[in-house]
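Student: Chains as they are written, first to last, in my numbering: chain B, 1 to 291; chain L, 1 to 384.
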Amino acid sequence: MTTARSLALRVKNFDQIVLLVAPALFLVVMLFLYPFLFGLILSFSTHGGTGLGNYERFFTTAFQRETIWTTLWISLPATVINIALALPVAFVTRRHRFQRILTTILVIPITLGTVLIADGLLIYLGPQGWLNRLLLLAHLSASPVRLTHNYWGVFLSLVLSGFPFAYLLLLSYLTGIDPALPQAAATLGASPWRQFIHVYLPLLIPGLAIAFCLSFVQAFSVFPSAVLLGAPAGPTRVISIAAYQAAFEDYDYPMASAIAMIMAGVQLLVVVLVLASRSLFYRGPATEAKG
Amino acid sequence: MSPALPNAERQTPSAKQIKSVDERRTQIFQQLRLDRVSRKFGSAVALSGLDLTIQAGEFIALLGPSGCGKSTALNCVAGLLPLTAGSIWLDQQRIDQLAPERRGFGMVFQNYALFPHLTVRRNVAFGLVMRGVPKKEIRRRVDAVLELVQLQAHADKLPGRLSGGQQQRVAIARAIVIEPPLVLMDEPLSNLDAKLRLEMRAEIKRIHRDLQRTTIYVTHDQDEALSLADRIVVLNEGRTLQIGSPEELYSRPANLQVARFMGYRNIFELGLEQFKENRVVLTGSDICLEGIAREPLTTRRPVAVIRPDDFLVGAPEMSTGSLNMRNVICGQAEIVEYCGRDYLVDVLTSSGLLLHVRTPRRVVAGERLRLEVPTERVLVFFPE
Numbered sequence: 001m002t003t004a005r006s007l008a009l010r011v012k013n014f015d016q017i018v019l020l021v022a023p024a025l026f027l028v029v030m031l032f033l034y035p036f037l038f039g040l041i042l043s044f045s046t047h048g049g050t051g052l053g054n055y056e057r058f059f060t061t062a063f064q065r066e067t068i069w070t071t072l073w074i075s076l077p078a079t080v081i082n083i084a085l086a087l088p089v090a091f092v093t094r095r096h097r098f099q100r101i102l103t104t105i106l107v108i109p110i111t112l113g114t115v116l117i118a119d120g121l122l123i124y125l126g127p128q129g130w131l132n133r134l135l136l137l138a139h140l141s142a143s144p145v146r147l148t149h150n151y152w153g154v155f156l157s158l159v160l161s162g163f164p165f166a167y168l169l170l171l172s173y174l175t176g177i178d179p180a181l182p183q184a185a186a187t188l189g190a191s192p193w194r195q196f197i198h199v200y201l202p203l204l205i206p207g208l209a210i211a212f213c214l215s216f217v218q219a220f221s222v223f224p225s226a227v228l229l230g231a232p233a234g235p236t237r238v239i240s241i242a243a244y245q246a247a248f249e250d251y252d253y254p255m256a257s258a259i260a261m262i263m264a265g266v267q268l269l270v271v272v273l274v275l276a277s278r279s280l281f282y283r284g285p286a287t288e289a290k291g
Numbered sequence: 001m002s003p004a005l006p007n008a009e010r011q012t013p014s015a016k017q018i019k020s021v022d023e024r025r026t027q028i029f030q031q032l033r034l035d036r037v038s039r040k041f042g043s044a045v046a047l048s049g050l051d052l053t054i055q056a057g058e059f060i061a062l063l064g065p066s067g068c069g070k071s072t073a074l075n076c077v078a079g080l081l082p083l084t085a086g087s088i089w090l091d092q093q094r095i096d097q098l099a100p101e102r103r104g105f106g107m108v109f110q111n112y113a114l115f116p117h118l119t120v121r122r123n124v125a126f127g128l129v130m131r132g133v134p135k136k137e138i139r140r141r142v143d144a145v146l147e148l149v150q151l152q153a154h155a156d157k158l159p160g161r162l163s164g165g166q167q168q169r170v171a172i173a174r175a176i177v178i179e180p181p182l183v184l185m186d187e188p189l190s191n192l193d194a195k196l197r198l199e200m201r202a203e204i205k206r207i208h209r210d211l212q213r214t215t216i217y218v219t220h221d222q223d224e225a226l227s228l229a230d231r232i233v234v235l236n237e238g239r240t241l242q243i244g245s246p247e248e249l250y251s252r253p254a255n256l257q258v259a260r261f262m263g264y265r266n267i268f269e270l271g272l273e274q275f276k277e278n279r280v281v282l283t284g285s286d287i288c289l290e291g292i293a294r295e296p297l298t299t300r301r302p303v304a305v306i307r308p309d310d311f312l313v314g315a316p317e318m319s320t321g322s323l324n325m326r327n328v329i330c331g332q333a334e335i336v337e338y339c340g341r342d343y344l345v346d347v348l349t350s351s352g353l354l355l356h357v358r359t360p361r362r363v364v365a366g367e368r369l370r371l372e373v374p375t376e377r378v379l380v381f382f383p384e
């Protein structure tokens, strides 16, 4: 009796505004959680029944297994280069007069999308492209430099499309650092370089870690540029291509799901490693805790 | 976009450069001279032509309302803001072109600007590390200065774990541990509550007395300036209004703006009656005041200023009905605020003039009062 009454009371006290979350929750469940769980379950179904067969097949086939290294070999250096480029650029432009214009120019690649970038690079870097013509004209190279349909094409496209993202993230982290801190360091005798090393860098570590993770996840799931600019049959056969082939060439959905899960696992591993290494550094706010 | 050459040069501090900073630190200077120091932001003038000569060991307060240019002046001295005109000299050396890290001045920032990722000890040691001081000496000097500001117990905490007053003391310790020739303080007490502010004020006074470091102190609080400084520079809208000792400013303000800032709360326009040397007699509808002119006589309307505590308060005498007795004002107590040691009373005269009076005499609201003010306590200005 009492439990029924308390339940009734609970229903009566239920804040109905919470129901407004329902449509969003529904979308998240249907668009993310459901496909994920569906894929996870599907990845365990083999021809014989259920089990780890698909995973076993992936890791025992060198042709498949090596896509992990291929992808890491492209995405990790591209991410490192992106962050390494974005940090000084963000640093220099953070209080620049033309910062808004610069930001706009640097952010354009995001709006273009990977396919357009790939297309542009194909023409620009191709054997008949501007770059090679210039190199030949200046006698810097005897024959056209091959920058497309190989590792470098994919790499460059990842740098181009990933840079603005890393730049924007780091810019916001940088502008969040109280400008009085480097000023204080300066009055204490720190040169601009030492201000960077002793004040900016330690306070930027959390931002660098987050920017690295997000850039890496983007780069790791590279697909369009690996197909368009790379050599999808060989050196740039990334893991997403393996998943695509399993799904749409072999019509082996369980295998494709397994590859997708492995992909997620590798990404998760790298992200966890990077975020865990943050704990070695200061992680608090980049401004005074109190006024 | 890329740093200019002198910048690139600074990026690798050679042993020689560090030495040059350290030499300047130990070298005792005679005077710091600001020569027509000006700073514009776009077309807005933040500071126009500040002339100031500071002797070694002096405590100078820059006083003024917000936006008067006092912080701008401090940042110019620190090297955080380039000048648009003028120059700054440390004895014979011109320093306004030097980068802040090569001036070697200690600065205490308004929000303290402690490095949040470093412990108290490492915050304080920062300037010594930058100077390449040996580790053992750093430890000794940091310990000494932490003892001076009574923070030994908190040496290994991060600044975020400290209270406002403790953070403030870390900021002071960090600035003075490098033994700078000049300490700059930018409203260091403005973020503290009233009680802590008084304590820290005494602390700053004590540190200055013990170390005799030349100090420039920026504040908008005249009490702070009066209690701390040897000399006060009053600024308004980028212009210097008066430079003088606290006593001078308090009893002989140079103009109406300074008077207003030094707590002359009773300000009223009156008619000019007589003028003899610097003695002026002014009259209103029911008052007649004799005072001292602080400015040369002009055709402009005279203004009398009186501080609330300069009135002698008594009961009205029935016999002397003369309303226009010199320097005697009669009125009724309107609002009485009890302040512990004394009363703050708003007195309304029959002509509707409202006077602010501070008196130890017990006053009840509605009471009739007779106010008397000595001639030398009535200051007369002729403002534009």
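Yeah, the Cβ is synthetic: ideal placement off N, Cα and C, and Gly gets one too.
Source: prediction; values computed, not measured.
Suppose the cutoff is 6 Å on Cβ atoms and the five residues either side in sequence are ignored; what does the same chain contact list for D96/L look like?
Tutor: Same-chain partners within the cutoff: L83, S87, I88.
Student: Should T104/B be flagged as near chain L, meaning a C-beta pair shorter than 8 Å?
Tutor: By this cut-off, T104/B is not an interface position.
Student: So Q168/L packs on L192/L, CB below 8 Å; how close in whole Å?
Tutor: About 7 Å separates the two Cβ atoms, so the contact holds.
Student: Give me the Cα-Cα distance between N111/L and L203/B, rounded to the nearest whole angstrom.
Tutor: Each residue's Cα considered, the two are about 18 Å apart.
Student: Should T175/B be labelled buried (16 or more other beta-carbon atoms within 10 Å of its own) or exposed?
Tutor: Per the 10 Å Cβ criterion, exposed.
Student: Under 8 Å, do A264/B and A243/B count as touching if we go by C-beta distance?
Tutor: Cβ atoms of A264/B and A243/B: not closer than 8 Å.
Student: Cβ closer than 8 Å: which chain B residues qualify as neighbours of L80/L?
Tutor: Simply Q183, A186, T187.
Student: Can you tell me whether I239/B is buried or exposed? The criterion is at least 16 other CB atoms within 10 Å of its CB, across all chains shown.
Tutor: Result: buried.
Student: How is the beta strand (DSSP E) around E337/L delimited, first residue to last?
Tutor: Looking at the DSSP string, the run of the beta strand (DSSP E) that includes E337/L is 328–338.
Student: If you drop the 5 nearest sequence neighbours on each side, which residues of the same chain put their C-beta closer than 6 Å to that of E269/L?
Tutor: Correct list, in chain order: R301, V303.
Student: Looking only at DSSP bridge pairs, what is C288/L linked to?
Tutor: Answer by DSSP bridge pairing, in chain order: T283/L.
Student: What does DSSP give as the partner residues of H356/L in its beta bridges?
Tutor: Answer is D346/L.
Student: Excluding the 5 residues preceding and the 5 following T114/B in the sequence, name in chain order all residues of the same chain whose CB lies nearer than 6 Å to its CB.
Tutor: Answer for T114/B: S161, P224, S225, listed in chain order.
Student: Near G67/L, what residues of its chain come up, given a Cβ to Cβ distance below 7 Å and the 5 sequence neighbours on each side ignored?
Tutor: Contacts found: none.
Student: Name the chain L residues that come within less than 9 Å of V28/B, Cβ to Cβ?
Tutor: Ordered by position in chain L, no residue passes the 9 Å Cβ test against V28/B, which lies about 35 Å from the chain.
Student: Assign I216/L to one of three DSSP states: helix, strand, or coil.
Tutor: Residue state, collapsed to three classes: strand.
Student: Is the CB of L203/B under 8 Å away from at least one CB in chain L?
Tutor: Yes, L203/B lies at the interface with chain L (some Cβ there is under 8 Å from its Cβ).
Student: For D35/L, list the residues DSSP reports as bridge partners.
Tutor: Partner(s): S87/L.
Student: Does V274/B get closer than 8 Å to chain L when you measure Cβ to Cβ?
Tutor: Output row for V274/B: interface = no.
Student: Roughly how many whole angstroms lie between the Cα atoms of F29/L and A56/L?
Tutor: The straight-line gap from Cα to Cα measures roughly 6 Å.
Student: At what residues does the beta strand (DSSP E) containing I28/L begin and finish?
Tutor: Run containing I28/L: none; DSSP gives neither H nor E here.
Student: Would you call the stretch 373–380 of chain L and the stretch 284–292 of chain L touching, i.e. three or more CB-CB distances under 8 Å?
Tutor: A contact exists between the stretch 373–380 of chain L and the stretch 284–292 of chain L.
Student: Please state whether DSSP places G238/L in a helix, a strand or coil.
Tutor: If DSSP states are grouped into helix, strand and coil, G238/L belongs with coil.
Student: Between A84/B and chain L, is any beta-carbon pair separated by less than 8 Å?
Tutor: For A84/B, the answer is no, since every Cβ of chain L falls outside 8 Å of its Cβ.
Student: Report the option in L241/L, I243/L, M262/L whose CA atom is closest to the CA atom of Y250/L.
Tutor: Taking only the C-alpha atoms, the option nearest Y250/L is M262/L.
Student: By how many angstroms is the C-alpha of L42/B removed from the C-alpha of A22/B?
Tutor: Straight-line Cα distance between these residues: approximately 27 Å.
Student: Does any residue of chain L bring its CB to less than 8 Å from the CB of S191/B?
Tutor: By this cut-off, S191/B is an interface position.
Student: In the structure shown, what three-state DSSP assignment does V89/B receive?
Tutor: DSSP places V89/B in helix when its eight states are reduced to three.
Student: Please report the straight-line C-alpha distance between K290/B and A180/B, rounded to a whole angstrom.
Tutor: Because K290/B carries a pLDDT of 43, less than 50, the predicted location of this residue cannot be relied on, and the following value inherits that uncertainty. Looking at the two C-alpha atoms, the distance is approximately 14 Å.
Student: Whole angstroms is fine: what's the gap from N132/B's alpha carbon to I74/B's?
Tutor: Rounded to whole angstroms, N132/B to I74/B spans 23 Å at the Cα level.
Student: Let me know the secondary structure DSSP gives R201/L once reduced to three states.
Tutor: It is helical.
Student: Report yes or no: is there a C-beta of chain B within less than 8 Å of the C-beta of P116/L?
Tutor: Yes - at least one Cβ of chain B is within 8 Å of the one on P116/L.
Student: Could you name the residues that DSSP lists as bridge partners for R231/L?
Tutor: Per DSSP, I60/L.
Student: So that I know if they touch, is there some Cβ in chain L lying closer than 8 Å to that of L284/B?
Tutor: For the record, residue 284/B in the displayed sequence is Gly; it is not Leu. G284/B counts as touching chain L.
Student: Kindly say whether A180/B, judged by its beta-carbon, lies nearer than 8 Å to any beta-carbon of chain L.
Tutor: Yes, contact with chain L.
Student: Does E101/L come out as helix, strand or coil in the three-state DSSP assignment?
Tutor: Note: E101/L maps to helix in three-state DSSP.
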